[in-house]
Amino acid sequence: MSTVGPEAAQAADLATEQQYVSGLYTRLDEIRARTVHRLDEQLAIVPHNPQAIGEREAQVEWHTQRIVALDAAESGLCFGRLDRRDADVPRYIGRIGLSAEDGEEEPLLVDWRAPAAQPFYTATPLHDLGVRRRRHIRTRLRTVVSVSDETLDLDDAPGTAGASTLTGEAVLLAELNASRTGRMSDIVRTIQAEQDRIIRADAGGVVVVQGGPGTGKTAVALHRAAYLLYTHRERLARSGLLVVGPTPTFLRYIADVLPSLGETGVVLADLGGLRPGLRADAPERPEVAEVKGRLVMADVVAAAVRARQAVLDRPVELEIDGTRLRVTKADAARVRSRARSASRLHNEARPAAARAVIGLVAAKYADKLGADVLGGANLLEAGDVGALRQEIAAEPAVHRLVDLLWPRLTAEQVVGDLLGSPARLAAAAPQLSDAERTLLHRRATAPWTAADVPLLDEADELLGVDDSAQRAGERRERQRRLRRAQDTLDQLHGSRSQDSETEEESEELSAGDLLDAEGLAGRHEEVDTRSVAERAAADRTWTYGHVIVDEAQELSAMAWRLLLRRCPTRSMTLVGDVAQTGSAAGAASWDEVLTPHLGRTWRLEQLTVNYRTPAEIMAVADEVLAAGGTGGTAAQAVRSTGVPPWAERVTEVGLADAVAEAAARFDKEDGTLAVVVAPSRLDAVAEAVAARLLGTSTDGELTTGPAVLPPGAVKGLEFDSVLVVDPVAIVDEGVRGHNDLYVALTRATQRLGVVHPGELPAMLAGLGTSAPGR
Numbered sequence: 001m002s003t004v005g006p007e008a009a010q011a012a013d014l015a016t017e018q019q020y021v022s023g024l025y026t027r028l029d030e031i032r033a034r035t036v037h038r039l040d041e042q043l044a045i046v047p048h049n050p051q052a053i054g055e056r057e058a059q060v061e062w063h064t065q066r067i068v069a070l071d072a073a074e075s076g077l078c079f080g081r082l083d084r085r086d087a088d089v090p091r092y093i094g095r096i097g098l099s100a101e102d103g104e105e106e107p108l109l110v111d112w113r114a115p116a117a118q119p120f121y122t123a124t125p126l127h128d129l130g131v132r133r134r135r136h137i138r139t140r141l142r143t144v145v146s147v148s149d150e151t152l153d154l155d156d157a158p159g160t161a162g163a164s165t166l167t168g169e170a171v172l173l174a175e176l177n178a179s180r181t182g183r184m185s186d187i188v189r190t191i192q193a194e195q196d197r198i199i200r201a202d203a204g205g206v207v208v209v210q211g212g213p214g215t216g217k218t219a220v221a222l223h224r225a226a227y228l229l230y231t232h233r234e235r236l237a238r239s240g241l242l243v244v245g246p247t248p249t250f251l252r253y254i255a256d257v258l259p260s261l262g263e264t265g266v267v268l269a270d271l272g273g274l275r276p277g278l279r280a281d282a283p284e285r286p287e288v289a290e291v292k293g294r295l296v297m298a299d300v301v302a303a304a305v306r307a308r309q310a311v312l313d314r315p316v317e318l319e320i321d322g323t324r325l326r327v328t329k330a331d332a333a334r335v336r337s338r339a340r341s342a343s344r345l346h347n348e349a350r351p352a353a354a355r356a357v358i359g360l361v362a363a364k365y366a367d368k369l370g371a372d373v374l375g376g377a378n379l380l381e382a383g384d385v386g387a388l389r390q391e392i393a394a395e396p397a398v399h400r401l402v403d404l405l406w407p408r409l410t411a412e413q414v415v416g417d418l419l420g421s422p423a424r425l426a427a428a429a430p431q432l433s434d435a436e437r438t439l440l441h442r443r444a445t446a447p448w449t450a451a452d453v454p455l456l457d458e459a460d461e462l463l464g465v466d467d468s469a470q471r472a473g474e475r476r477e478r479q480r481r482l483r484r485a486q487d488t489l490d491q492l493h494g495s496r497s498q499d500s501e502t503e504e505e506s507e508e509l510s511a512g513d514l515l516d517a518e519g520l521a522g523r524h525e526e527v528d529t530r531s532v533a534e535r536a537a538a539d540r541t542w543t544y545g546h547v548i549v550d551e552a553q554e555l556s557a558m559a560w561r562l563l564l565r566r567c568p569t570r571s572m573t574l575v576g577d578v579a580q581t582g583s584a585a586g587a588a589s590w591d592e593v594l595t596p597h598l599g600r601t602w603r604l605e606q607l608t609v610n611y612r613t614p615a616e617i618m619a620v621a622d623e624v625l626a627a628g629g630t631g632g633t634a635a636q637a638v639r640s641t642g643v644p645p646w647a648e649r650v651t652e653v654g655l656a657d658a659v660a661e662a663a664a665r666f667d668k669e670d671g672t673l674a675v676v677v678a679p680s681r682l683d684a685v686a687e688a689v690a691a692r693l694l695g696t697s698t699d700g701e702l703t704t705g706p707a708v709l710p711p712g713a714v715k716g717l718e719f720d721s722v723l724v725v726d727p728v729a730i731v732d733e734g735v736r737g738h739n740d741l742y743v744a745l746t747r748a749t750q751r752l753g754v755v756h757p758g759e760l761p762a763m764l765a766g767l768g769t770s771a772p773g774r
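Position 301 of the sequence shown, counted from 1, bears residue number 301 in UniProt numbering, the numbering being contiguous throughout.
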């Protein structure tokens with residue numbers, strides 16, 4: 001009897017999977033063509049009123065998003081297959097779900113987020129979840145290039161009980177060893193069991209994901225976003241989902257992940273970009289950011305707002321029709337009391353303050369008129385007083401008094417005036433020291449920083465918006481539309497056909513039989529055709545259905561107040577590593593940062609496996625972690641490249657040129673390169689590297705060539721090669737310098753070098769002493 005050799009069996013498997021995958025792409029093309037046709041039909045419609053415009057735009061948006069999802073699924077459409085013990089038909093797993101045209105119960109392709117796909121990520125030989133075999137299918141364009149099988153049935157594969165806990169280990173390591181591109185890619189084909197558990201965790205409550213370098217925290221967070229959008233589509237389609245990252249560079253780095261998973265309706269922002277219309281990206285000294293981030297600043301901003309409410313240092317005189325009136329501190333206090341009773345929000349209380357001022361001035365004027373003209377007390381009747389109040393309300397002097405006692409304020413005015421005035425700071429922040437208030441002081445023309453955004457948001461929460469004039473205008477406009485609609489219906493009714501002998505016998509319907517004035521007017525109201533993500537990004541008060549925060553350990557107490565306002569339901573996923581905290585305002589522990597805001601209503605999940613960083617590099621980084629004294633434990637590294645990290649000592653004078661030379665050697669290797677350098681040396685090193693290598697970037701662009709960045713800017717990123725410059729300076733210049741060095745050392749996926757002047761710190765003794773290629 002002839003037996004089939006391994007090569008023939010492999011060829012047969014490839015042919016089998018190619019046939020099936022080709023059928024999937026045929027089905028994908030059919031669905032896409034149908035969707036494009038329906039989109040073209042909607043675009044051809046000519047709407048005749050705002051309601052029709054809104055309906056058409058909603059259909060266009062839906063079909064467009066569907067096409068985007070189908071296009072995103074093109075690369076790696078199908079990547080897995082499950083052979084089950086209780087079913088003869090295999091189950092194929094992919095980026096999206098594809099149903100059979102004949103409506104068969106078993107879909108042609110199961111979306112990776114569906115419950116039926118979960119065994120692909122979680123089944124093991126000891127807990128096979130009914131799966132006999134798991135097959136990983138790798139494609140290039142529409143061609144199947146390889147298959148890799150895992151047999152999970154212990155009877156069929158003796159000796160596998162002790163197999164690795166990594167799902168699809170060969171496939172995973174192949175992905176990890178591939179060169180980077182400067183943009184993060186999804187891990188949908190290689191999600192591991194501990195990652196899958198967190199991705200599929202319940203959406204309710206706050207989930208904190210703690211994980212060391214290389215554990216896939218960011219990937220887990222983004223795939224969780226895609227999973228929640230799949231399982232809670234209707235709710236999140238209305239409320240939106242927000243992903244907050246540490247820097248604009250990081251946001252560019254992850255920008256392609258969710259679109260590759262077919263999800264585009266997500267808002268991505270860093271802290272400095274969370275205020276619509278403001279780009280707060282000016283640099284901030286760490287010690288200043290730390291003071292701005294303290295929880296006490298909420299009280300300081302509140303005091304700054306109160307200080308603008310009907311406070312008089314001395315009496316004010318105003319003149320009405322030649323009559324001089326005196327407004328005292330006590331008068332101002334009565335105005336303040338009435339306005340605050342009307343609303344706790346400053347701007348919303350302004351109409352009440354204006355009414356109180358008008359009433360106050362009218363009473364003083366009447367008393368003065370009674371005394372000077374009528375020869376006694378105020379003898380005006382109620383009607384006269386009402387008319388007098390209307391006249392007083394139109395007086396420019398009264399308008400100026402209202403503005404003085406209760407000005408209409410913006411957050412930028414409140415915070416800018418507060419930080420720009422030592423006197424205002426002293427009055428609003430007596431609990432801060434003189435030195436701390438000096439740190440807070442800024443020039444009136446200084447640009448805004450990310451640390452200012454929570455203060456501005458706090459001010460907004462205290463100010464509110466005086467929209468009384470706008471609402472009155474909208475009411476008038478709506479009444480105008482209703483009258484116009486009713487006139488139109490009346491005219492149509494008057495001109496209806498009366499061919500029948502009696503109105504009762506006529507069966508002809510008029511517009512008035514089908515539509516009332518309210519409905520007709522509604523058809524002409526403007527409809528907001530922006531997507532949920534566009535509307536959310538433009539609205540400071542928008543509340544999201546779910547919020548994901550990456551590098552969450554960096555956020556200050558004031559930043560947490562801002563984010564929790566964005567998600568009052570507390571449906572949040574927070575990922576980070578307290579051993580990598582670089583900000584003075586950041587967290588030393590999750591308890592410390594979250595308990596003041598959430599109590600104990602959050603749960604902690606741990607990622608324990610380092611998939612990215614080679615064991616050779618982690619052996620060095622672990623020593624830095626220990627020296628930093630954070631008490632953190634590094635995740636277990638599962639990769640070894642056989643390439644040892646190295647250190648090269650150079651002279652102080654020749655440092656920049658030596659770094660450029662080392663960068664040039666690394667640049668000959670495949671993949672991306674980062675040069676991580678202490679802030680004080682950034683300009684000189686960047687200039688030297690740029691003179692040697694084309695495409696060198698210092699602005700966070702990771703796709704053009706080598707990137708020269710400070711430690712804080714590489715947080716959350718990864719590169720094939722990393723060159724760390726002057727580790728002693730990195731430690732000395734950082735607020736939590738050991739953490740900064742730990743971050744810098746753990747960005748590499750393949751190669752790590754250290755260039756240093758002077759002695760190498762003892763914690764880096766594990767580095768080799770000679771650079772390869774020298």
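Cβ coordinates follow ideal geometry from the N, Cα and C atoms, glycine included.
Computed from a predicted structure; not experimentally measured.
Which value, in whole angstroms, describes the spacing of the CA atoms of Thr-160 and Gln-606? Residue 160 sits at position 160 when you count from the first residue of the sequence shown. Residue 606 sits at position 606 when you count from the first residue of the sequence shown. Residue placement at Thr-160 is poorly supported in this model, since its pLDDT is 42, which falls under 50; the coordinates still yield a value, given next. Approximately 26 Å between the Cα atoms of the pair.
What three-state label does DSSP hand Asn-610 in the structure shown? Mapped onto the sequence shown, residue 610 falls at position 610. If DSSP states are grouped into helix, strand and coil, Asn-610 belongs with the strands.
For a test of the three-state rule: what should DSSP assign to Ala-310, helix, strand or coil? Numbered from its first residue, the sequence shown carries residue 310 at position 310. Coil at Ala-310, not helix or strand.
If contacts are defined as beta-carbon pairs under 8 Å, then Leu-242 and Val-547 qualify, I think. What distance do you get, rounded to the angstrom? Your numbering for residue 242 matches position 242 in the sequence shown. Your numbering for residue 547 matches position 547 in the sequence shown. Their Cβ separation, rounded to whole angstroms, is 5 Å, which keeps Leu-242 and Val-547 in contact under 8 Å.
Is it right to say Val-593 is buried, meaning 16 or more other beta carbons lie within 10 angstroms of its own, or is it exposed? Looking up residue 593 in the sequence shown gives position 593. It counts as buried.
Considering only the beta carbon of each residue, do Asp-153 and Asp-128 sit closer than 8 Å? As a working note, residue 153 is residue 153 in the sequence shown. As a working note, residue 128 is residue 128 in the sequence shown. It is a contact, given that the beta carbons lie within the stated cut-off.
Classify Asn-739 as buried or exposed, calling it buried when 16 or more other Cβ atoms lie within 10 Å of its own Cβ. Walking along the sequence shown from the start, residue 739 turns up at place 739. With 16 or more other Cβ atoms within 10 Å, it is buried.
Rounding to the nearest angstrom, what Cα-Cα distance links Ala-393 and Arg-540 in this structure? For this step, residue 393 is matched to residue 393 along the sequence shown. For this step, residue 540 is matched to residue 540 along the sequence shown. Between Ala-393 and Arg-540, the C-alpha separation is close to 33 Å.
For the segment 192-210 and the segment 721-732, state whether three or more C-beta atom pairs, one from each stretch, are separated by less than 8 Å. no
Consult DSSP for Ala-765 and reduce its assignment to one of helix, strand or coil. As a position in the sequence shown, residue 765 is number 765, starting the count at 1. Ala-765 falls in the coil class under three-state DSSP.
Grouping DSSP H, G and I as helix and E and B as strand, with all else coil, what is Leu-760? Mapped onto the sequence shown, residue 760 falls at position 760. Leu-760: coil per DSSP, three-state reduction.
For Pro-259, I'd like the list of residues in its chain whose CB is within less than 8 Å of its CB, leaving aside the five on either flank, ordered along the chain. Walking along the sequence shown from the start, residue 259 turns up at place 259. Only Val-68 and Ala-72 meet the Cβ criterion.
If you check the beta carbons only, do Ala-637 and Tyr-742 fall under 8 Å apart? As a working note, residue 637 is residue 637 in the sequence shown. As a working note, residue 742 is residue 742 in the sequence shown. Cβ distance not < 8 Å, so Ala-637 and Tyr-742 don't count as in contact.
Could you give the distance in angstroms between the alpha-carbon of Arg-197 and the alpha-carbon of Pro-115? Your numbering for residue 197 matches position 197 in the sequence shown. Your numbering for residue 115 matches position 115 in the sequence shown. For Arg-197 and Pro-115, the distance between alpha carbons rounds to 12 Å.
Rounded separation between Ser-589 and Thr-581 - CA only: Position 589 of the sequence shown, counted from the start, is the residue given in the question as residue 589. Position 581 of the sequence shown, counted from the start, is the residue given in the question as residue 581. Whole-angstrom Cα-Cα distance: 10 Å.
Nearest to Tyr-544 by CA position, among Glu-551, Glu-534 and Ala-552, is which residue? Here residue 544 is taken as the residue at index 544 of the sequence shown, counted from 1. The option with the nearest alpha carbon to Tyr-544 is Glu-534.
CA nearest to the CA of residue 776, picked from Val-208, Arg-480 and Arg-235: Within the shown structure, residues of the chain are numbered from 1 to 774, placing residue 776 beyond reach of any answer.
So for Ala-111, helix, strand or coil by DSSP? If you number the sequence shown from 1, residue 111 lands on position 111. The sequence shown places Asp at residue 111, not Ala. It is a strand residue.
If you draw a straight line from the alpha carbon of Gly-130 to that of Thr-151, how long is it in whole angstroms? Stepping through the sequence shown from its first residue, residue 130 is reached at position 130. Stepping through the sequence shown from its first residue, residue 151 is reached at position 151. Using only the alpha carbons, I get a separation of about 12 Å.
Cα-Cα separation between Thr-190 and Ile-254, rounded to whole angstroms: Within the sequence shown, residue 190 is the residue found at index 190, counting from 1. Within the sequence shown, residue 254 is the residue found at index 254, counting from 1. One C-alpha to the other measures close to 17 Å.
Report all residues from its chain with a CB closer than 6 Å to the CB of Pro-276; omit the five preceding and five following residues, and keep chain order. Mapped onto the sequence shown, residue 276 falls at position 276. Hits under 6 Å: Ala-538 and Arg-540.
Where DSSP assigns a beta bridge to Thr-323, which residues make up the other side? Residue numbering aside, residue 323 sits at position 323 when the sequence shown is read from its first letter. Ile-320, per the DSSP bridge assignment.
Kindly indicate which three-state DSSP category Gln-210 falls into: helix, strand or coil? For the purposes of this step, residue 210 is taken as residue 210 along the sequence shown, with counting starting at 1. Strand at Gln-210.
Would you check if there are 3 or more beta carbon pairs closer than 8 Å linking the segment 729-739 to the segment 614-631? yes
Bridge partner(s) assigned by DSSP for Arg-600: Position 600 of the sequence shown holds residue 600. The partner list for Arg-600 (beta bridge, DSSP) is empty, contrary to what the question assumes.
Can you name, in chain order, every residue of its own chain whose Cβ lies under 8 Å from the Cβ of Gln-18, other than the five neighbours on each side? Position 18 of the sequence shown, counted from the start, is the residue given in the question as residue 18. Excluding positions up to five away in sequence, the list reads Thr-143 and Val-144.
Hey, Gly-671 and Arg-180 are a contact pair by Cβ (cut 8 Å); roughly how many whole angstroms apart? Taking the sequence shown and counting its residues from 1, the one referred to as residue 671 is at position 671. Taking the sequence shown and counting its residues from 1, the one referred to as residue 180 is at position 180. About 5 Å separates the two Cβ atoms, so the contact holds.
Only counting the same chain, and skipping five residues up and downstream in sequence, which positions put a Cβ closer than 8 Å to that of Glu-503? Within the sequence shown, numbered from 1, the residue matching residue 503 stands at position 503. Residue confidence for Glu-503 is low, a pLDDT of 48 falling below 50, so the modelled location carries little weight and cannot support an answer.
Using the Cβ count rule (16 or more neighbours within 10 Å means buried), how would you classify Val-244? Here residue 244 corresponds to residue number 244 of the sequence shown, with the count starting at 1. The residue in question, Val-244, is buried, as its Cβ has 16 or more Cβ neighbours within 10 Å.
Starting from the N-terminal side, write out each stretch of the alpha helix (DSSP H) that is 4 residues or longer and does not extend beyond the segment 662-721. 682-692
Runs of 4 residues minimum, wholly inside the segment 165-245: which ones carry the alpha helix (DSSP H) assignment? 169-177, 193-199, 217-231 and 233-239
Consider the C-beta atom of Thr-264 and the heavy atoms of the ligand FMN; say whether any pair is separated by less than 7 Å. In terms of ligand content, the structure shown is empty, and the ligand FMN therefore cannot be addressed.
Check this for me: beta carbons of Pro-614 and Thr-641, under 8 Å apart or not? Against the sequence shown, residue 614 aligns to sequence position 614. Against the sequence shown, residue 641 aligns to sequence position 641. Going by C-beta atoms, Pro-614 is nearer than 8 Å to Thr-641.
What does DSSP give as the partner residues of Leu-404 in its beta bridges? Along the sequence shown, one-based indexing puts residue 404 at 404. Note: Leu-404 sits in no beta bridge, so no partner.
Arg-603: buried (16+ other C-beta within 10 angstroms of its C-beta) or exposed? As a first step, residue 603 must be located in the sequence shown, where it is residue number 603. Exposed, since its Cβ has fewer than 16 Cβ neighbours within 10 Å.
By the 10 Å Cβ neighbour count, where 16 or more other Cβ atoms means buried, how is Gly-631 classified, buried or exposed? Taking the first residue of the sequence shown as position 1, residue 631 is located at position 631. Counting Cβ neighbours within 10 Å, Gly-631 comes out exposed, since fewer than 16 surround it.
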